[in-house]
Amino acid sequence: MKKGMFITILVTMLMLLVAACGGNKVDDATAEKYITQAEEIVALLNEQHYEEIYAKFNDEMKADLPVEDMEELTPIIEESGNFKEMDKASVEEEDGQYVTVLVGKYSNENRVFTITFNNDDEIAGLFIK
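Under our numbering, residue 129 is the last one in the sequence shown; the count climbs by one each step, no gaps.
Here is the structure:
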């Protein structure tokens, strides 16, 4: 049941991402700010520090993705292998939110992280592919 809810949340976040694809490019300083924050979130994911990530969620994310459900991310991250580096990064602004996409290189397979930040720098969306 939890896995079904988790998938539903991820699909909802993906739909928000698709809707945000028409976002506006941001200046270099803004891009650097959100790329740095997103890289920190990926590092926390890699280390399974879900409570620290949860503390950065906005209220909606806290309600939709409790810490216990985040633990379902562990096998996804572990299947990827050892983290090597970030390959690509981009940031777009959409409706006052900053959609940050990072491509992480791992020893077994790459992962795409889409992390959305609101104006308060809280995480408003988190998707891993």
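All residues carry an ideal CB built from backbone N, CA and C; glycine is no exception.
These numbers come from a predicted model, not from an experiment.
The closest CA to that of I41, considering only E32, I53, A31 and T30, is found on I53. Per DSSP, the unbroken alpha helix (DSSP H) holding D64 starts and ends at D59 to D64.
Counting only residues of its own chain and dropping the five nearest sequence neighbours on each side, N46 has a CB closer than 8 Å to the CB of I77 and F83. Within the model, the alpha-carbon separation for E92 versus N118 is close to 12 Å.
Rounded to the nearest whole angstrom, the C-alpha separation of V99 and T116 is 4 Å.
Secondary structure of A55 (DSSP, three-state): coil. Take the alpha-carbon of E94 and the one of V26: they are about 10 Å apart.
Annotated as proximal: E39 and L102, with beta-carbon spacing under 9 Å.
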